[in-house]
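Working notes, structure below.
In the numbering used here, the protein residues as written are 39 to 263.
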């Protein structure tokens, strides 16, 4: 079976399944950045992302609201162990994630982490002050039928717009299911669902599945992880 490697954007379960079905292969996701290259990656056991610990030190800085048990997502910072020309020490990526305190069954022994749970700037701040991760929102609706592509955008603290490119089997019930599922993770927020022909990428060529237009800096603490 062909092996397919993905990187650079958040990989949803639905997108993974479509790639594997369409290309008849197995997807292995890689988390990295331009400055530090490959930071962590999936193995065939798929029990987390193995950190390249011989090249990098990865830390997850929890917010003041977290209780220190390591279960809350935090801001990811990385220290390069091999770049002597331009050392990067506790370099903040702008992503959030969590280190896992378990060993993978593959036997490699490298520490595991979750996939990146989204950009810290794209956490949604709710009217009650709670911050919700992009990962929680995508998980809430990723199994709903009728969407070829979608984007969840916060335009106000109490208003979120879901723009979706419908598939031929789209039904009005799909929009109702989206609103209902997002209401569970975004209480007190009005959910608007719109059908569109296309969705735009960012100037850097990436596509933001979840984006906040608010100029806020929410604490990275979420009850959904």
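Beta carbons are placed, not taken as given, at the ideal position from N, Cα and C, and that holds for glycine. The model shown is predicted, which means the values in this text are computed figures rather than measured ones.
So, helix, strand or coil for residue i, using DSSP?
| i | result |
| --- | --- |
| residue 177 | helix |
| residue 212 | helix |
| residue 246 | coil |
| residue 200 | strand |
| residue 51 | helix |
| residue 78 | strand |
| residue 57 | helix |
| residue 234 | coil |
| residue 100 | coil |
| residue 259 | For residue 259, the predicted structure reports a pLDDT of 43, less than 50, and the residue's modelled location is therefore unreliable. A value from the coordinates is still provided. Coil, per DSSP. |
| residue 157 | strand |
| residue 222 | helix |
Do residue j and residue i have their beta-carbon atoms positioned less than 9 Å apart in this structure?
| i | j | result |
| --- | --- | --- |
| residue 225 | residue 126 | no |
| residue 114 | residue 98 | yes |
| residue 176 | residue 48 | yes |
| residue 247 | residue 231 | no |
| residue 118 | residue 137 | no |
| residue 143 | residue 184 | no |
| residue 220 | residue 169 | no |
| residue 131 | residue 91 | no |
| residue 151 | residue 135 | yes |
Can you tell me whether residue i is buried or exposed, with buried defined as 16 or more other CB within 10 angstroms of its CB?
| i | result |
| --- | --- |
| residue 200 | buried |
| residue 188 | buried |
| residue 61 | exposed |
| residue 72 | exposed |
| residue 172 | buried |
Pop quiz: residue i and residue j are said to be a contact at Cβ under 8 Å. What is the actual Cβ separation, rounded to whole angstroms?
| i | j | result |
| --- | --- | --- |
| residue 65 | residue 57 | 5 Å |
| residue 154 | residue 223 | Not really, about 18 Å apart at Cβ, beyond 8 Å. |
Going by DSSP, name the residue or residues bridged to residue i.
| i | result |
| --- | --- |
| residue 188 | 202 |
| residue 129 | 116 |
| residue 169 | 163 |
| residue 71 | 75 |
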